[in-house]
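522 is the number of the first residue of the sequence shown in the working numbering; add one for each residue after it. Every residue, glycine too, gets a C-beta built ideally from N, C-alpha and C.
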Amino acid sequence: MATSKLFVDPAYIERADDDGFANAFARIENHYFVNDGFMRDGQLLEKQEIDKIRHIPTTVVQGRYDVVCPVRTFLTTLLSYIHKFCVTKATTAYALKKVFPEIDLHIVPDAGHSSREVGIAKLLVEATNKFADL
522 MATSKLFVDP AYIERADDDG FANAFARIEN HYFVNDGFMR DGQLLEKQEI DKIRHIPTTV
582 VQGRYDVVCP VRTFLTTLLS YIHKFCVTKA TTAYALKKVF PEIDLHIVPD AGHSSREVGI
642 AKLLVEATNK FADL
């Protein structure tokens with residue numbers, strides 16, 4: 522949780538002190554990690570998978586300082602497990618844009634991973650409003 526925002530949010534840290542929340546959060550996170558995100562390696566970047574959704578208007582919003590799934594994964598040695606998960610499972614915005622150039626990609630310069638960061642939340646609301654008009 523502490524790595525999801527660019528700046529440490531004391532409310533997130535307090536929330537982690539709640540045993541019920543901390544256990545539930547850890548269980549769901551670990552369930553996905555242990556099961557490799559329920560996807561095969563590289564699945565989200567495969568042409569046949571992208572072609573299934575290529576016709577759907579798609580917006581991707583990602584924080585520049587996202588250490589959970591970095592924009593461009595360069596921390597191979599330091600964060601090898603996160604690197605493996607992001608590149609092969611959750612993918613990265615940069616890798617996705619290369620195989621799915623039609624996406625509307627926004628990199629928020631002052632944000633991390635959390636959708637609750639101001640810049641990310643603003644762009645997600647804008648995208649949602651745009652899609653509401655379709």
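Leaving aside the five residues before and after residue i along the sequence, list all residues of the same chain whose C-beta is less than 7 Å from its C-beta, in chain order.
i, result
"Ser636", "Ala642 and Leu645"
"Ala543", "Ala537"
Can you tell me where the beta strand (DSSP E) holding residue i begins and where it ends?
i, result
"Gln583", "Thr580 to Gly584"
"Val629", "Asp625 to Val629"
Only counting the same chain, and skipping five residues up and downstream in sequence, which positions put a Cβ closer than 8 Å to that of residue i?
i, result
"Pro630", "Arg585 and Gly640"
"Ile628", "Gln583, Gly584, Arg585, Val592 and Ala614"
"Phe559", "Tyr553"
I'd like the span of the alpha helix (DSSP H) that includes residue i, first residue to last.
i, result
"His552", "Asp540 to Val555"
"Leu645", "Val639 to Ala653"
"Ile571", "Lys568 to Ile574"
"Ile577", "Per DSSP, Ile577 belongs to no alpha helix (DSSP H) and is neither H nor E."
"Leu617", "Ala614 to Val620"
"Pro591", "Segment: none, Pro591 is in no alpha helix (DSSP H) and carries neither H nor E."
"Ala532", "Pro531 to Ala537"
Is residue i near residue j, with beta carbons less than 8 Å apart?
i, j, result
"Leu527", "Ala632", "yes"
"Thr613", "Pro578", "no"
"His634", "Val582", "no"
"Phe621", "Ile571", "yes"
"Lys619", "Leu626", "no"
Can you tell me whether residue i is buried or exposed, with buried defined as 16 or more other CB within 10 angstroms of its CB?
i, result
"Glu623", "exposed"
"Glu567", "exposed"
"Asp587", "buried"
"Gln488", "Residue 488 is absent from the model: the chain starts at 522 and stops at 655."
"Leu655", "exposed"
"Glu638", "buried"
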